[in-house]
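Peer 1:
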Amino acid sequence: MDIRRRQPSPPLQSASKSSAVDHHPSSPKASDALPLPLYLTNGIFFTLFFSVAYFLLHRWGDKIRNSTPLHILTFSEIAGILCLIASFIYLLCFFGIDFVQSFISKPEADEEHQRFILHEDREIRSPEKAIAAVELPQGDEEVVDGVVSGEIPLYSLESRLGDCFRAARIRREAVQRLVGRGLEGLPVEGFDYDSILGQCCEMPVGYVQIPVGIAGPLLLNGCEYSVPMATTEGCLVASTNRGCKAIYASGGATCVLLRDAMTRAPVVRFSSAKRATELKFFLEDPLHFDTLAAVFNKSSRFARLQNIQCAIAGKNLYIRFSCSTGDAMGMNMVSKGVQNVLDFLQNDFPDMDVIGISGNYCSDKKPSAVNWIEGRGKSVVCEAVITGDVVSKVLKTTVPSLVELNMLKNLTGSAVAGALGGFNAHAANIVSAIFIATGQDPAQNIESSHCITMMEAINGGKDLHISVTMPSIEVGTVGGGTQLASQSACLNLLGVKGANRESPGSNARLLATIVAGSVLAGELSLMSAISSGQLVKSHMKYNRSSRDIAKTGS
Ligand code: ADP
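Every letter in the sequence shown is one number past the one before it in full-length UniProt numbering, and letter 479, counting from 1, is 479.
1. Using 6 Å as the cut-off, classify the Cβ of F296 as near or not near the heavy atoms of the ligand ADP, replying yes or no.
2. Which of the three DSSP states is assigned to M407 in this structure?
3. Spatial neighbours of N500 within its chain, please: C-beta separation below 7 Å, excluding the five flanking residues on both sides.
4. What does a CB cutoff of less than 8 Å around G206 pick up in its chain, not counting 5 residues either side in sequence?
5. Buried or exposed: T68, going by 16 or more other Cβ atoms within 10 Å of its Cβ?
6. Output the residue ranges of the alpha helix (DSSP H) runs that lie fully inside the segment 156-218 and measure 4 residues or longer, sorted by chain position.
7. Can you name the residues that DSSP bridges to N307?
8. Which residues share a DSSP beta bridge with S379?
9. Using a Cβ distance threshold of 8 Å, determine whether the segment 227-236 contacts the segment 201-217, with at least three qualifying pairs required.
10. Hey, is V496 close to the ligand ADP, as in C-beta under 6 Å from one of its heavy atoms?
11. For N459, which of L484, G421, V399, M331 has the nearest alpha-carbon?
12. Name the residue from L73, G522, S300 whose alpha carbon lies nearest to the alpha carbon of N241.
13. For the ligand GDP, I want to know if P442 counts as a neighbour, meaning its beta carbon is within less than 6 Å of at least one of the ligand's heavy atoms.
14. Using only the alpha-carbon positions, how far apart do I78 and N66 sit?
15. By a C-beta neighbour count over all protein chains shown, 10 Å radius and 16 as the cutoff for buried, is E374 buried or exposed?
16. Tell me whether the segment 362-372 and the segment 462-480 touch, counting them as touching only if at least three CB pairs, one residue from each stretch, are closer than 8 Å.
17. What residue from S156, R177, F435, E158 has the CA that sits closest to N445's CA?
18. Label E128 either buried or exposed according to how many other C-beta atoms from any shown protein chain fall within 10 Å of its C-beta, with 16 as the threshold for buried.
19. Relative to the C-alpha of A457, which candidate in A384, A273, A427 has its C-alpha closest?
20. A273 and G314 look like a contact to me (Cβ under 8 Å); what is the Cβ gap, rounded to whole Å?
21. Contact check, L511 vs L494 under 8 Å by CB: the rounded distance?
22. Going along the chain, which residues of its own chain have a beta-carbon closer than 8 Å to the beta-carbon of I312, five neighbours each way excluded?
23. Among S486, A415, L408, which one has its Cα closest to the Cα of Q440?
24. Please look up how many angstroms separate the CB atoms of S324 and A265, rounded, as I've assumed it's under 8 Å.
25. Using beta-carbon positions only, say whether C382 and A253 come within less than 7 Å of one another.
26. From this set, I247, I170, C235, which residue's C-alpha is nearest A516's C-alpha?
27. Please name the residue in R376, K63, A86, Q209 whose C-alpha comes closest to that of N42.
28. Taking the alpha-carbon positions, what's the R304 to F296 distance?
29. Have a look at P442 and F94 and give me their C-alpha separation to the nearest angstrom.
30. Assign T438 to one of two classes, buried (16 or more other C-beta atoms within 10 Å of its C-beta) or exposed (fewer than that).
31. Quick one: grab the DSSP three-state call for F270.
32. Just list the residues that DSSP pairs Q470 with in beta bridges.
33. Got a sec? Which residues, its chain only, sit under 8 Å from T232 by beta carbon, not counting five neighbours each side?
34. S379 to Y193, Cα distance in whole Å?
35. Would you call the CB atoms of V468 and T453 closer than 7 Å?
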């Protein structure tokens, strides 16, 4: 028995039933019975028991020798007997109960002991924060113990248990115990963990809830769309909704797709810059395009090579492949095609050293001029004419003040700031909210939010022409997070769920135009709020919680 850890009966009960709250929070090794470390408590009772026993035996020996009746007790003898009984009870609980339990139910006792150790460990790691223990079904508790002790790797639960929900629940409990902080509030039930296995998220412990609001109807190219936006930013949906209303009242917006091509750019190295240029000229020679396209397109029935663009840095060559990818956002598809071409090139250029399948000239999830200028994913332009009447009645501003603000803020102000694709008011707000709602890769918000917003007074200064030009909207309606239940429902609401069988790629292209149309609405509304001085007022109303945020602190 490890006397540093065990204590009398109360811990044995609390180990199984109570949470860490039951333990003394400020003294990790203190016993429950006394506010002292366990080894001190044990030491005191051991010493007390033996010294009192010695004292009483000594006194009774004297009494026998002097023929004094044993039942006549002095005050010190009464106190000694009470101390003996008290320390005997303590020691009996300490050793006896464990001894009896080891006969009655050894496995259960071990489990209790393990749990107690876990609770104790947890307190040592984070004494100031206790977590509520969750009742797990029989068997799960042992798996949690295995994970906490390090015997079972956290990542292996799905494959070991063959049950994704059970794996998530067990991992969640183990993580709470390891970290010593609770995950109450992060739901674990009500989610299909099988649907994310191997493609969306590893080692799940639950899911974050993000509210989805609806802006619309957005009247775009003659069709109406209710746009789902997942956000926790107050005002955003309301503002986009107002923009949609202004567009609707003015006859709708028009959006045109300029280009549809996902890119991937590996970096390869040669022993000389001259040799690198030989591959560049080979790749850019129109005579070689069909052969390279045939090799590239083998990767998928939807991947179609469109263009190869090269950039040299010394003896290193960056090769930017562009291809259409059907309804997929296309990163996997284009990467497979690029790998095919690199393997093929190795025959004619055996001295080519492939440094990386991605050399950042692609450029994925980073702000870059190449995406801003050349485009990546879907390149679109969206426009609307907002009548002067709507500008004053719905947007509560005037055409000249909107045009002036756009010039000084979105164009000049962004130029002063050295913006890269950021010539807009808040395109990223709308892009991110739609991306999260529809299962896009939120990190691609970086290039997908590249946008220049233009405003001009037309019809003799009466009406407003507004446009957003967005060269790099990276969206798909198949693959990634798009097939998950909630995200798929949002795509369904827009009528772009999954693959378009009649015309592969048209669902993803339509989604890109809806993103741009929503950005147009968002730009219109926010710019109007700024120009009329309403921004701060409405944010104070919708975007600031009146709850006491101090209470939510950790
Ligand atoms: P990504 O390339 O965006 O990462 P995935 O590779 O995960 O996307 O998903 C694309 C998969 O969906 C491919 O296996 C492809 O064959 C399949 N697919 C089915 N229908 C289509 C479609 N209409 N457009 C694109 N891909 C499709």
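Beta carbons: idealized from backbone N, C-alpha and C, even for Gly. The model shown is predicted, which means the values in this text are computed figures rather than measured ones.
Peer 2: According to the data block:
1. no
2. helix
3. Only D327, S506, N507 meet the Cβ criterion.
4. A168, R172, L183, L186, P187, V188, F191
5. By the C-beta density criterion, T68 is exposed, having fewer than 16 other C-beta atoms within 10 angstroms.
6. 157-161, 164-179
7. S322
8. R259
9. yes
10. no
11. V399
12. Closest option to N241, Cα to Cα, is G522.
13. Summarising the ligand content, the structure contains the ligand ADP and does not contain the ligand GDP.
14. Rounded to whole angstroms, the separation of the alpha carbons of N66 and I78 is 19 Å.
15. buried
16. yes
17. F435
18. For E128, the predicted structure reports a pLDDT of 37, less than 50, and the residue's modelled location is therefore unreliable. A value from the coordinates is still provided. When all chains shown are included, E128 counts as exposed.
19. Taking only the C-alpha atoms, the option nearest A457 is A384.
20. 5 Å
21. 7 Å
22. Excluding residues within five positions, the ones whose Cβ falls inside 8 Å are A273, A276, T277, K280, Y318.
23. Considering only alpha carbons, the answer is S486.
24. Wrong, their Cβ atoms sit about 17 Å apart, outside the cutoff.
25. yes
26. I247
27. A86
28. 8 Å
29. 57 Å
30. buried
31. coil
32. One detail in the question is off: residue 470 reads as Met in this sequence, not Gln. Bridge partners of M470: V380.
33. I210, P211
34. Looking at the two C-alpha atoms, the distance is approximately 35 Å.
35. yes
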